Structure formats: C-alpha cells, structure tokens
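The next block holds one structure in the form of structure tokens; read it before the comments.
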Amino acid sequence: MHRRTFLKTATYSGAALAAASSPLATSLAAPKHQFHLKYAPHPGTFKFSAPGGVLDEIKFAADQGFTALEYNRLAEEAPDMQEKIGNTLADLGMTMGVFVAYASFDQPTFAVKNEDTWTAILDQIRASIDIAKRVNAKWFTVVPGSIDQQFNTAEKWNKFGGPRLAHGYQTANVIELLRRCAEILEPHDLVMVLEPLNPYANHGGLFLQGSPQAYALCTAVDSPSCKILFDIYHQQITEGNLIPNIDHCWDQIGYFQAGDNPGRKEPGTGEINYRNVFKHIYDRSKADNREFIIGMEHGNSIKGVEGEKALIAAYVEADSFDTGS
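Heads up: the sequence shown begins at 15 in this note's numbering, then just goes up one per residue.
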C-alpha cells in the first residue's frame, strides 16, 4: 500500500472509531424505534450516552424513539431551566410526564388535620401550577405522608402534639385535604396523581400503600384532578395480581410507572412479564381512546453506555407485543 493511501485509510479509520464512540454516534447508530406506548425516561437514564445534561438527554431519548420525559425533581430546577426543558420537549414533539409536587415520607401531613401544615401543602400545590405551565405538564405526583400510628401504641401523641388517630379518622382527613387540592387544580385542568408505595422493600409507614386504597380515595374525592399513579413495581411488591388490579382501578388511573422486581431495574431483569402488562395497557387504552405515559422510574442494571443500550433493548423487547393491526 502506498504511504498516502495508508495514511488516508488510517485517518479515516481513526475518525470513524472516534465517531462511533461519541454520544452523537451512539444516537445515530441505533434506529429510531416506533414504540406503541409513551415510555418516559428520567434525567440520568442516559447520562453516559448524552453527558451534556438534561437537555442533551432529552434529545438523545427522542433519537431513540422515546416520546415522553419524567422528572421527579423538576421543581428543584430554576424557572428558566424549566422553560428550556419545556421548549425542548415541544420542539421534539415529546410529552412531559410527572414531577413531584408534594411528598412526605415520615410525617402524617395529610392524615392529621394541622392547619399550618395543610396551608403549606396547598401553597406547594399552587406553586406547582406555574411549574406545570413552564413545561406543559398535565400530571404531577403527590405522596400524602405517613400514617399516624395507631392510637393504642405506647406513645399516645402524634408528631403534631395531638392524640393519635384511628385509621378511619385519618382517611377522612386525607380525603378532605385532597378535595382542597383538587379544587385548586380543576380550573387549570391539571391532575395530581397519588402514588401508593410498597411498605416492604422501600417505604414502610406511609399512609397510601395499595391500589385498592388509592382507588377508594380517588372515588371519594370524585374529581378529575385526583387520580392514581399506578407504579407497577410498587404494586407487584404490595399486592401482585397486576392486570386484574389495573382493571379494577382503570377509571381512576391517570398515569403508570414501571420498574422490574426484584431490583427496580429495566423490564426483563426481574419477575414481571412486562410485555403482557404493556400489551394490556395498550389494548385497553385503544379501546377506551385513552393515552398513558409509562414513567421509567427505575435504575439501569448495567453501568455505562452498554447499560443504556441494554435498557433501550429491554424496552424494545417489552414493547414488541402484537397489536392486532
């Protein structure tokens, strides 16, 4: 081989190798998948393939075929960054999923009527309206605090200085505050989604733990602005029987989240048959002319770029169900 030819070939090969290892090449190399459902990655899901920050990750996710974003900690971003996120999603034709509007994990904030606490919660709900407008969001998450420990425990007083309450009184308080929240949200066509969290592996002591309980609360509140966030990972641990429980809750579900169990990683790493679950959601959605976001609220089972490729492949596999068309 002539020296000039050799150098040209070597230069081309080196450039090709460098390009193939770049985030942009990772995006371009993978064909854009046409998903049947609106799966929503989080910031951090693709941090190795798109290391430039949340906007870079959104663009990378769009290149892979994902059509939504979920960002629990969106409220911590500055307003101008929230607007940039909203504009980027709009430019790419993507939908904003949930962010966390209010969550308490160790205080009976909804279960015990304390006007100072309730006023602060309602103020936080009002503040979430502006956040939602910046990113064109419709849904946000509410976790309604812990239980007030049963009144027959050794400790007779709750953290707010009152006597501990039986569960029925706590439930009535939660319903009352949820109604107040819904009254604020209804004029804006926004939806708080209540997330039941499992008490065994992750969140012991919370008031809201199962989908039947969430269904009862939403039915009692009776507002289009109060629905269920059905987290498939949490409900597999708490109650299992996923597809029948999805059907029982169907008219009160506003949003889904995914994560396999055990491990809380991408579909295919645990015991849940996600292809069947996703197909069921797809079929019922089509029949009822509804559309849901599936928040990818889980980690990656493998680190680095290879783990992110594996995650994409896992969703392609779980989404490869027969649509009958």
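Think of the CB as a built atom: it goes at the ideal place given N, C-alpha and C, for glycine as much as any other residue.
Here the structure is a predicted model, which means the values were calculated and not measured.
From what residue to what residue does the beta strand (DSSP E) around residue i run?
i	result
Asp274	Segment: none, Asp274 is in no beta strand (DSSP E) and carries neither H nor E.
Phe244	Cys240 to Asp245
Phe154	Trp153 to Pro158
Thr118	In the sequence under discussion, the amino acid at residue 118 is Ser, which differs from the Thr named in the question. Val114 to Ser118 is the span of the beta strand (DSSP E), which, as asked, contains Ser118.
Gly309	Ile307 to Met310
According to the neighbour-count rule (16 or more other Cβ atoms, all chains shown, within 10 Å of its Cβ), is residue i buried or exposed?
i	result
Glu285	exposed
Thr25	Low local confidence applies: a pLDDT of 36 at Thr25 is under 50, so the model's placement there is unreliable, with the coordinate-based value given in what follows. It counts as exposed.
Ser367	Examination of residue 367 is not possible in this model, given that the chain is present from 15 through 339 alone.
Asn259	buried
His181	exposed
Asn287	exposed
Tyr85	buried
Gly318	exposed
Asp70	buried
Tyr53	buried
Gln266	buried
Lys323	buried
Thr123	buried
Pro158	buried
Asp130	exposed
Ile295	buried
Tyr214	exposed
Arg418	Residue 418 falls outside the range modelled here, since the chain spans only 15 to 339, and no answer is possible.
Asn275	buried
Lys46	exposed
Gln48	exposed
Lys293	buried
Pro281	buried
Between which two residues does the alpha helix (DSSP H) carrying residue i extend?
i	result
Met95	Pro93 to Leu106
Lys46	No alpha helix (DSSP H) contains Lys46, which DSSP labels as neither H nor E.
Leu325	Gly318 to Ala332
Leu199	His181 to Leu199
Asp261	Leu256 to Cys263
Glu253	No alpha helix (DSSP H) contains Glu253, which DSSP labels as neither H nor E.
Phe74	Val68 to Gln78
Leu136	Glu129 to Val149
Return the Cβ separation of residue i and residue j in integer angstroms, given the expectation that the two are a contact with Cβ distance under 8 Å.
i	j	result
His312	Gly273	3 Å
Ile246	Leu256	6 Å
Gly100	Arg148	5 Å
Gln78	Leu88	No, Gln78 and Leu88 are not in contact; Cβ-Cβ is about 21 Å, not under 8 Å.
Ser239	Val205	5 Å
Ala125	Gln184	4 Å
Gly224	Glu253	5 Å
For the candidate residues the options, whose alpha-carbon lies nearest to that of residue i?
i	options	result
Gly58	His47, Lys52, His50 and Lys73	Lys73
Glu209	Ser160, Ala89 and Ala134	Ser160
Ser315	Gln266, Asp203 and Arg278	Arg278
Thr283	Gln266, Pro158, Gly321 and Arg140	Gly321
Asp203	His248, Asn150, Tyr116 and Tyr53	Asn150
Met310	Lys317, Ile326 and Ile189	Ile326
Glu90	Gly107, Val114 and Thr81	Val114
Met110	Val157, Val291 and Pro55	Pro55
Phe119	Ala75, Ala186, Ala146 and Leu211	Leu211
Ser237	Phe292, Leu220, Leu103 and Val207	Val207
Ile307	Thr81, Gln227, His47 and Asp105	Thr81
Ala186	Ile198, Pro281 and Phe221	Phe221
Asn303	Asn128, Ala64, Trp132 and Trp264	Trp264
Sort out for me which residues DSSP pairs residue i with in a bridge.
i	result
Gly284	Gly284 is not bridged to any residue.
Val235	DSSP, once it has assigned bridges, lists no residue as partnering Val235.
Val207	Thr155 and Lys241
Tyr53	Ile308
Leu220	Ser160
Ala82	Thr109
Ile267	Ile242
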